[in-house]
Each structure stands twice: as structure tokens, then as C-alpha cells.
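Worksheet: one structure, shown below.
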Amino acid sequence: GAGVSQSPRYKVAKRGQDVALRCDPISGHVSLFWYQQALGQGPEFLTYFQNEAQLDKSGLPSDRFFAERPEGSVSTLKIQRTQQEDSAVYLCASSIQGARNQPQHFGDGTRLSIL
Amino acid sequence: KQEVTQIPAALSVPEGENLVLNCSFTDSAIYNLQWFRQDPGKGLTSLLLIQSSQREQTSGRLNASLDKSSGRSTLYIAASQPGDSATYLCAVKSSGGSNYKLTFGKGTLLTVNP
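Chains A and B supply the protein sequences, listed in that same order. At position 34 of the first sequence the residue is numbered 34 (this note's numbering), and the sequence of numbers has no breaks. In short: position in the second sequence from 1, add 115, done, that's this note's numbering.
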């Protein structure tokens, strides 16, 4: 498939555990985005990469959240010491270029449940 | 700070009806506006993207309009079908420094009854 791929699709963790969520963007897409979607809400921006550079992490809720894209392709969103309020769907999107008029293409998301 | 509002929050219609979904945004300085569809447990599928210089975009039974100055967009769905049942999300890309991030509304949950 040529779309954005996210894994795992579902993740259940106990409060306090660390989790890692993976995103494989569309091949050749320079820009990559992470969004958080709480139940019944629209997605909210977390962070933005252009190639391997993290240009904006202003949406990360706390310092427990960390994202990386070391080789400018696959990205990982890590959440340390998870809390119940971290339960949400985490969506990854990619675009050919980040700015302005390029559409973002979304994956199916990872549904994270913290018990 | 850009805020996006979608009305109604939920809508239930019989098959075959034409319908309109509404989206409003507080800051008219945008690059584009995008309508997405989200099926349960799935990601977002882009339906239509309207650039700030455009007034409308059409794709099949879908037509989206944009009135940037008043901060409004509508998504018109003609001859609705049960397969159109989904959540429809509106998102804007603001101009200015953060011209890469999308700001979303909470969505309209559409149910089309056979």
C-alpha cells in the first residue's frame, strides 16, 4: 500500500508504563505530523517534522511526550509514564512538503488505552 | 488563536436527501480549508481542499464552498446514501508562521438511513 501506515493499531497499557507508536509515511514525503484525537473531538496538532528536523513541538502536552524521526522517514512517538488522560487516538500524517497548499494524508491511527 | 466550529454536531437524514454541513472559523487569515471524512476506527480521508483564493470545489456529489471574509464553509452532499454515514471534519490551515498545521473542528456525525 502507498498510504501512511501506523502501528500498532491498538495499544493497551497500564498507567505508568512507557509506550512507543510508529508511523511510516508515504515514500518521498518530506513532512510528517502527529495529531492527538480524544473521544468525540477533532484531532489536535502535536508536532511537525521536516525530514529529520523537528520544527514544531508546541502541541506536545507534557515533557512525557517525545517524538523522533532520525532518518527523515519513519517516526516514533513515545509517551513515558503514561497517564489515563493520554488515552486517545494518535494520528500520523505526511505531505510532500509541509507548508501551505500541500494536502496532508492520514494514517488509520493508533488507539491508545491506558488502564 | 484559530478556532473551528462545526454545526450541527450530529445529523440524521433519510436516504436521498440533500444536506448541508457547516463550518466556521474565527481567523480569516487562512491558506486553505479541507473537508475530511472519518469512518469509525479509521483515519481521515480527504474529500475536498479549497485554497483561500477559491470559492468552491466539487467532487462527484460533494460541493464545498468557502467564504473566507466571513469565516464560513459549507459542505453540500447531494442525494445522500447510507454509505455516506460517517463523521465529517473541517480543518483550516492558517497563514502566518505556523502555516503547516491543521486546526480541526469537532466534526459532524452524519447518519443516512435507508
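By construction, the Cβ of each residue, glycine as well, lies at the ideal position given by its N, Cα and C atoms.
Chain-ordered chain B contacts of aspartate 24 of chain A [CB-CB under 8 Å]:
None at all; the shortest Cβ gap to chain B is about 13 Å.
Could one say the Cβ of serine 75 of chain A lies closer than 8 Å to chain B's Cβ atoms, at least one of them?
no
Between leucine 91 of chain A and chain B, is the shortest Cβ-Cβ distance under 8 Å, so that the two count as touching?
Yes, its Cβ sits closer than 8 Å to a Cβ of chain B.
Check whether the region 107-115 of chain A touches the region 80-88 of chain A, taking contact to mean three or more Cβ pairs, one atom from each stretch, closer than 8 Å.
yes
Which full runs of the beta strand (DSSP E) of 3+ residues lie inside the region 139-224 of chain B, going along the chain?
If we require 3 residues or more, the beta strand (DSSP E) runs fully inside the region 139-224 of chain B come out as 145-153, 159-166, 171-174, 177-182, 187-192, 201-209, 217-219.
I'd like to know if asparagine 101 of chain A contacts chain B, where contact means its C-beta is closer than 8 Å to some C-beta of that chain.
yes
Please name the residue in B:Ser161, B:Leu190, B:Gly158, B:Arg152 whose C-alpha comes closest to that of arginine 170 of chain B.
B:Leu190
DSSP has glutamine 37 of chain A in a bridge; who is on the other side?
A:Val89
Where does lysine 116 of chain A land, buried or exposed, given buried means 16+ other C-beta within 10 angstroms?
The structure shown has nothing for residue 116 of chain A, since chain A only spans 1 to 115.
Could you have a look at glutamine 84 of chain A and say whether DSSP puts it in helix, strand or coil?
helix
Other residues of its chain near threonine 76 of chain A: CB distance less than 6 Å, five sequence neighbours each side excluded
Ala20, Arg22, Glu68
Quick check: what's the CA-CA separation for glutamine 196 of chain B versus leucine 164 of chain B?
22 Å
Pairwise C-alpha distance: alanine 13 of chain A and asparagine 133 of chain B
44 Å
So is glycine 28 of chain A in contact with chain B if we call contact Cβ pairs under 8 Å?
Judged by the 8 Å Cβ criterion, glycine 28 of chain A is not in contact with chain B.
Taking buried to mean at least 16 other C-beta atoms within 10 Å of its own C-beta, is glycine 175 of chain B buried or exposed?
exposed
By the 9 Å beta-carbon criterion, what residues does the region 133-146 of chain B contribute toward chain A?
Tyr146
Can you tell me the Cβ-Cβ gap for serine 127 of chain B and asparagine 228 of chain B, rounded? I've got them flagged as a contact below 8 Å.
7 Å
In the structure shown, what three-state DSSP assignment does glutamine 104 of chain A receive?
coil
Using a Cβ-Cβ cutoff of less than 6 Å, which residues in the same chain neighbour phenylalanine 49 of chain A once the five nearest sequence positions on both sides are dropped?
Leu32, Arg69
Which residues does DSSP pair with valine 227 of chain B in a beta bridge?
B:Val128
Burial state of tyrosine 10 of chain A (16 or more Cβ within 10 Å)
exposed
Can you look up alanine 53 of chain A in the DSSP assignment and give me helix, strand or coil?
strand
Partners in chain B for alanine 43 of chain A, counting only beta-carbon separations shorter than 7 Å
A small fix is needed here, since residue 43 of chain A is proline in this sequence, not alanine. Correct list: Phe219.
Range of the contiguous beta strand (DSSP E) that encloses serine 113 of chain A
Here the beta strand (DSSP E) through serine 113 of chain A covers 110-114.
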